[in-house]
Every structure is written in structure tokens, then in C-alpha cells.
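So the sequences go chain by chain: F and B.
Sequence positions in the first sequence follow this note's numbering and run 1248 to 1491.
Sequence positions in the second sequence follow this note's numbering and run -17 to 184.
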Amino acid sequence: MPEWQDEGIILSNKPYGELHSVASILTKTHGRHAGLVQAGQSRKRLSDLQPGCFVGLEWRARLEGQLGTFKVELSKNYSASLMDTPMRLSALLSLCSLLEITLPEREPQENLWDASKALLEILSLSENENEWLSFFIRWELGLLRELGFALKLQCCGVTGSTNELAYVSPKTGSAISKNAAGVYADRLLVLPMCLGGHTKTKEEFTAGIKITGHFLQKYIFNTINRNLPTPRERLANMVESLNL
Amino acid sequence: MEEDNLKNLIKRLSKLPGLGPRSAQRAALFLIKNKEKDMLPLSKALYDVAHYYKPCVQCNNLTESDKCSICDDPRRHQNRLCVVEDISDLWAIERSGVFQGKYFVLGGNLNIMDGRGPSELGIDKLVKYVSLMCDTHTSNEIILATSATVEGQTTAHYIAERLQEFSIIISRLAHGVPVGGELNYLDDGTLALAMKARTPVG
Chain F
1248 MPEWQDEGII LSNKPYGELH SVASILTKTH GRHAGLVQAG QSRKRLSDLQ PGCFVGLEWR
1308 ARLEGQLGTF KVELSKNYSA SLMDTPMRLS ALLSLCSLLE ITLPEREPQE NLWDASKALL
1368 EILSLSENEN EWLSFFIRWE LGLLRELGFA LKLQCCGVTG STNELAYVSP KTGSAISKNA
1428 AGVYADRLLV LPMCLGGHTK TKEEFTAGIK ITGHFLQKYI FNTINRNLPT PRERLANMVE
1488 SLNL
Chain B
-17 MEEDNLKNLI KRLSKLPGLG PRSAQRAALF LIKNKEKDML PLSKALYDVA HYYKPCVQCN
43 NLTESDKCSI CDDPRRHQNR LCVVEDISDL WAIERSGVFQ GKYFVLGGNL NIMDGRGPSE
103 LGIDKLVKYV SLMCDTHTSN EIILATSATV EGQTTAHYIA ERLQEFSIII SRLAHGVPVG
163 GELNYLDDGT LALAMKARTP VG
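See below:
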């Protein structure tokens, strides 16, 4: 009888029948994994199964390929500390929905696990918006990289130069230097400072969120005929109207 | 034929919340044994509710006429509106007797995974309701009584964002220690929220 113990982050928890639920969890060593949670809709269990909760897990099934059942024990409830802050809550839901939709099941994702856990920590602890927003943008770049669509932001895609990188090509995902952009500058995405470019502050975050959003849509969501998840779109709107 | 009807009744009863095939069988046999006392009144009650009840045009509460008794009651505060997810939440607040204003029933919460967006919840109808309220009354207050879950609070934030254009007070229910609750038995999340929402004593 296959069984293992691990730790994980709750991505979603869908009702199954009247009492139980099927939870989708990003685990440390088993990737995104689903399983049945007995009495997962009960009042006591429901608070432990909110998206973004950090939990200890025990998975058990009769055969390896089966859905199996989870025993879940709450370690840290990140979502509770973010409920009063709409923007951070949107970031938390963006993280959960992006992982839920884009990751293949049962494939270990160690880098993404580490990055996601760190992002949740920063979201709940960070005092200012700058810190977690730039981390969130880097997390999305990491997600693209882990899914096989890394952006080439270290040097200019046209000249190979590492100086004055100011734009990103929306077609290739390569950085473009100020000189190489020339008359095409208005057709390119602005490369923010947090990703190695020049734009600062609010514009920096707007540009960063726009870049990752563009390539997530182009490389992943277009192929499955979907739009970016609603919380991710809301987050982008909130960043645009941010007062820093 | 009779057997088919009985099977059909058991099948339909087993779809009700809390009932499975075995308990549906027991319920069906009980109803057959108490035909005059329970079965016929139940069938009449089911028929009446199915035919006469519909959502209130103003707040989505269940009613037999166009407007529900709460919307029609002139003694209630006309400038206070409590937004709840479900009719059962409205009943819970009414049971407590602490709120004398009006309600708006959303019919669920925003849920990305289930694809339930703002248009499915009728938030546009709420915005129109609030707009009308602002035109006719002053010092309006909207109380967002959505559940203390990630989806519930996302819904509350979304509604607050949509209602920003109106000059109204937007509040939400407090989250924290329940009456009679011991700190030792509270989960971390509730405790964190209670600590965050602490109030001065005296």
C-alpha cells in the first residue's frame, strides 16, 4: 500500500459529496498532488484547508495511480493574516490559481516549492508593498522558467550587450537595449529595474506585472484556451492604481 | 407501476442533503405509513413552495410576492444594507435579531476554481440597488457579511472596490474569538485575526 508523509501548500479544496473534499496541494517532494480529505467540508477542517495554508500531510492509497486520501494537519495559516489586505490576498490567490492551473500533477517541483513558500512568508511578514511585489514578479519569472519558458533578460537579444537594457521583446522574451530598440521602442515591453532594467517605483511594478502576465498568457494560457486567472488580473489592476 | 413510483420517490429523496439511499428508503416508508398526517401535507407544501416562491426582485430573498417582507417593511432602517452570501446567512442574522436594516443575497461567493465570477453573483444588481439607495437616503451603510474564508473575503474586497464610487460607509463583520470560546482551542488563523482586530478596553 503506497503511502508517504510530506509538507505542502493548499492550492484548492473542492467539495466532494456532502461532507468530503478533494484538495489539491503543492507538496515539497511530490509536486502538485490531489487527494480526498475525509470530512473536508466540516467547519473544523475547512479553516485548515483554505488556499495558501501550510500543512503537514500524510497520503495513502491502495494503488499508486489512485486519488488516495490525505490526512492534513495545519502548520501555518497564511491566508488568515492576509484577509484584511485585498492586494496581498489577490497575490495569494494568484499564486494558488497559477500553480493549480499550470503545474502538471505528481511531478516534483523543488525550486517552485521553495520560491512559493518564501513568497507566502514575505506576503505575510513584509511591511511595505515594494518588497513583496518585486518578489512576486520574480516568482512569476521563476514559474515561467520552471515550465520551460525562461525569459532571456541578462543581455540584449539583438546586440548581445549587457548595458542599458530597457525593453523586452513581446515576441521572443529577450531583453533589448535602449540603442537596439530604436524606432521600435513603443512596440516593446518596458523592462523594470527589479528585473535588470531602468524603470523605478510604481512604474517598475506595473511594467514587471505586465511582462510576466504577457508571457504567462502567451506561452501557457493561450495554449489551453484560457485567460489569466481572475485574481491575477485583479492584482495587475490594483498594481496600476497603487500609490507608492 | 406502483413499484416504479416508489423507486422514483426514494431516488428523489436520496438526492436531498443529509439523505442517502437507505435513509431515503426509511423516509419513504415512514411517509407511506403516515399518508394523511405527513405525506399529503408535505406534498402540498412542496407544491406550494415550488409554485409560489421566487427570488425577491430587490434583494434575492425568497418571497411569494415580487418584494419580500423585509424589503417591504417600512419600520426597518432604509439606509443600512447587509450583503450576505446565502439565504441561510440572512436567516441566521434575522434569528439573532441584531440587525434591523435590509439585506442583499449574493447567492454564493467569487470562486476562481469553479469559474464563479462577478457576473454570476449579480454584483451589478447590488451596485444598482446601492445607487438607488444613495439617491433616496442619506448616511448609508453597507455591511459586508461574507464568510471568513479566502473566497468570502475576496468577494467582500471586490464589492467594496465596486462601491467605492458612492459616498457610503462600508463595513464588514469582525473576525475573532467566538462567545464561549477558549483561546486554547482556537486555530492559529482565528487567533491571528482576533489579535489584529483587538479593541481598547473601557
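All residues carry an ideal CB built from backbone N, CA and C; glycine is no exception.
Next item on the list: Give every residue of the same chain whose Cβ lies closer than 7 Å to the Cβ of K1425 (chain F), excluding the five residues on either side of it in the sequence, and list them in chain order.
Entry: E1411, A1413, listed in sequence order.
Checklist line | Contacts that P(-1) (chain B) makes with chain F (C-beta to C-beta distance below 8 Å) | finding: E1265
Item checked: With 16 other Cβ atoms within 10 Å as the buried cut-off, status of M(-17) (chain B) -> Below a pLDDT of 50, predicted positions are generally treated as unreliable, and M(-17) (chain B), at 46, falls in that range; the measurement from the model is reported next regardless. M(-17) (chain B) comes out exposed.
Check: Is it right to say R56 (chain B) is buried, meaning 16 or more other beta carbons lie within 10 angstroms of its own, or is it exposed?
Finding: Correcting the residue identity first, residue 56 (chain B) is Pro in this sequence and not Arg. The residue in question, P56 (chain B), is exposed, as its Cβ has fewer than 16 Cβ neighbours within 10 Å.
Margin query: Using C-beta distances below 7 Å, list every residue in its chain close to K(-11) (chain B), excluding the 5 sequence neighbours before and after it, in chain order.
Written below: none
Note to self: So, at 7 Å on beta carbons, what are the nonlocal neighbours of L1475 (chain F) in its own chain, with the 5 sequence-adjacent residues on each side left out?
What the structure shows: Around L1475 (chain F): G1460, L1463, Q1464, F1468.
Check: Alpha carbon to alpha carbon, what distance is there between Y111 (chain B) and G104 (chain B)?
Finding: Each residue's alpha carbon lies about 11 Å from the other.
Margin query: Using DSSP's beta-bridge definition, name the partner residues of G1278 (chain F).
Written below: For G1278 (chain F), the pairing in a beta bridge is given by DSSP as F:T1274.
Note to self: Let me confirm a value: W1306 (chain F) is counted as buried when at least 16 other C-beta atoms fall within 10 Å, else exposed. Which label applies?
What the structure shows: buried
Item checked: Three-state secondary structure assigned by DSSP to L1400 (chain F) -> Three-state DSSP puts L1400 (chain F) in a strand.
Notebook entry, point to check: What distance in whole Å lies between the Cβ atoms of P3 (chain B) and I(-8) (chain B), which are believed to be in contact at a cut-off of 8 Å?
Noted result: 7 Å
Next item on the list: Using a Cβ cut-off of 8 Å (strictly closer), state whether L1367 (chain F) contacts chain B.
Entry: no
Next item on the list: Helix, strand or coil for S1408 (chain F), going by three-state DSSP, please let me know.
Entry: coil
Next item on the list: Below 8 Å between beta carbons is the criterion; list the residues of the stretch 1332 to 1343 of chain F that meet it against any residue of chain B, in chain order.
Entry: P1333, L1336, S1337, L1339, L1340
Notebook entry, point to check: Taking C-alpha atoms, which residue in F:T1453, F:W1251, F:G1264 lies nearest to H1280 (chain F)?
Noted result: F:W1251
Margin query: Below 9 Å on C-beta distance, what does P99 (chain B) contact in chain F?
Written below: Note that residue 99 (chain B) corresponds to Gly in the displayed sequence, not to Pro. In chain order: T1477.
Next item on the list: Within the same chain, show all residues whose beta-carbon is closer than 7 Å to that of L1321 (chain F), passing over the 5 residues directly before and after it, in chain order.
Entry: Excluding positions up to five away in sequence, the list reads D1295, C1300, V1302.
Check: For the 8 Å Cβ check, are there 3 or more pairs between the stretch 1324 to 1340 of chain F and the stretch 1479 to 1488 of chain F?
Finding: yes
Next item on the list: Kindly indicate which three-state DSSP category Y1414 (chain F) falls into: helix, strand or coil?
Entry: strand
Check: Who are the neighbours of V132 (chain B) on chain F, taking C-beta pairs under 8 Å?
Finding: Q1297, P1298, G1299, S1326, M1330, L1336, L1339, L1340
Margin query: Residues in the same chain with beta-carbon distance under 8 Å from S121 (chain B), minus the five sequence neighbours each way, listed in chain order, please.
Written below: N61, I151
Notebook entry, point to check: Expressed to the nearest angstrom, what Euclidean distance is found between the alpha-carbon atoms of S101 (chain B) and G89 (chain B)?
Noted result: 12 Å
Next item on the list: Can you give me, in chain order, the residues of the stretch 169 to 184 of chain B that have a beta carbon less than 9 Å from any beta carbon in chain F?
Entry: D169, D170, G171, T172, L173, A174, L175, K178, A179
Note to self: Given this structure, state the Cα-to-Cα distance separating D169 (chain B) from K17 (chain B), to the nearest angstrom.
What the structure shows: Rounded to the nearest angstrom, the gap between the Cα atoms of D169 (chain B) and K17 (chain B) is 48 Å.
Item checked: Spatial distance of K1457 (chain F) from L1390 (chain F) (CA atoms) -> 15 Å
Check: Should A32 (chain B) go down as buried or exposed, given a rule of 16 or more other Cβ atoms within 10 Å for buried?
Finding: An exposed status is given to A32 (chain B), since fewer than 16 other beta-carbon atoms sit within 10 Å of its beta-carbon.
Check: How is P1478 (chain F) classed by DSSP in three states: helix, strand or coil?
Finding: In the three-state scheme derived from DSSP, where H, G and I count as helix and E and B as strand, P1478 (chain F) is classed as helix.
Check: K1449 (chain F) to R1385 (chain F), Cα distance in whole Å?
Finding: 16 Å
Item checked: Inter-residue CB distance, C38 (chain B) and C53 (chain B) (contact presumed, cutoff 8 Å) -> 6 Å
Next item on the list: May I ask you to report which of helix, strand or coil DSSP gives M1485 (chain F)?
Entry: Helix at M1485 (chain F).
Notebook entry, point to check: The beta strand (DSSP E) with Y1263 (chain F) in it runs from where to where?
Noted result: 1250 to 1263
Next item on the list: List the endpoints of the continuous alpha helix (DSSP H) containing E1387 (chain F).
Entry: Start and end: 1376 to 1393.
Next item on the list: Report the residue from B:I75, B:T181, B:V132 whose alpha carbon sits nearest the alpha carbon of V159 (chain B).
Entry: B:T181
Margin query: Here's the rule: buried if 16 or more other CB atoms are within 10 angstroms of the residue's CB, otherwise exposed. What is F12 (chain B)?
Written below: exposed
Notebook entry, point to check: Are the beta-carbon atoms belonging to G1315 (chain F) and G1282 (chain F) less than 8 Å from one another?
Noted result: yes
Check: Who pairs with S1268 (chain F) in a beta bridge, going by DSSP?
Finding: Residue pairing by DSSP places S1268 (chain F) opposite F:P1262, F:V1284 in a beta bridge.
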